[in-house]
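Asker: Encoded as structure tokens, here's the structure I'll be asking about.
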Amino acid sequence: MSAIAFRLNGEMRSIATPAETRLSEILRDQYLQTATKVACGIGRCGACTVMMNGQAVNACLVMAWQIEGADIVSPEGLGAFETARIVKAALIEENAFQCGYCAPGFLMALTVLFLSNRQAGEPEILSALEGNLCRCTGYHSILRGALSAAN
Ligand code: FES
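Numbering (full-length UniProt numbering), first residue to last: 1 to 151.
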């Protein structure tokens, strides 16, 4: 078991863990980044979405060996991004969530989208969110918030 070095929310980290440890476990258990939710654990729901090297990924599908040298942003790190603050405010304005369990994943997916395309429209938003499931809202309020954030 060798140490794996990576950046988490702007800080260098080093962890000795089995290579097959999931990033979601590392974030939650080792670094107490519990806004990274785990629901399905098999890459289907998006609750565990984090940013890795600028891309949205399911942390439950990323193994420890894959994060060597990577730049990881967990939901706790999104406060450093003006784009995330705009998206969050728009989602709150639209009462986008009910139980909130999926919210960090949606916020992460939308932030990653708008960081790469600030003018994203409905097709791009729907595409960016196709890996995120919500069991409460029916998605309309989330989409309204996303569209509001885009404008
Ligand atoms: Fe990772 Fe569902 S917990 S996609």
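No residue lacks a Cβ here, since even glycine has one placed at the ideal position from N, Cα and C.
Should G100 go down as buried or exposed, given a rule of 16 or more other Cβ atoms within 10 Å for buried?
Answerer: exposed
Asker: Considering F106, what are the terminal residues of the beta strand (DSSP E) in which it resides?
Answerer: F106 -> not in any beta strand (DSSP E); alpha helix (DSSP H) instead, spanning A103 to S116.
Asker: Nearest to F6 by alpha carbon, out of W65, I42 and R144?
Answerer: When only C-alpha atoms are compared, the closest one is W65.
Asker: At a threshold of 7 angstroms, does S74 count as lining the ligand FES (C-beta to nearest heavy atom)?
Answerer: no
Asker: Once the 5 residues before and after M12 are set aside, which same chain residues still bring their CB inside 8 angstroms of it?
Answerer: Closer than 8 angstroms at the Cβ level, and outside the excluded window around M12, lie A5 and F6.
Asker: In terms of residues, what are the limits of the alpha helix (DSSP H) holding L78?
Answerer: Note, L78: premise wrong, no alpha helix (DSSP H); not H, not E.
Asker: Using only alpha-carbon positions, find the residue among E68, T34 and E82 that is nearest to R19.
Answerer: Contrary to the premise, residue 19 reads as Ala rather than Arg in this sequence. Closest option to A19, Cα to Cα, is E68.
Asker: Classify C48: buried if its beta carbon has 16 or more other beta carbons within 10 angstroms, exposed otherwise.
Answerer: buried
Asker: Does the distance between the C-beta of C102 and the nearest non-hydrogen atom of the ligand FES fall short of 7 angstroms?
Answerer: no
Asker: For C60, I'd like the list of residues in its chain whose CB is within less than 8 angstroms of its CB, leaving aside the five on either flank, ordered along the chain.
Answerer: R22, L23, S24, V38, C40, G41, I42, G43 and C48
Asker: Looking only at its chain, what residues have a beta carbon closer than 7 angstroms to the beta carbon of I26, apart from the 5 residues adjacent to it on each side?
Answerer: I15, T17 and A64
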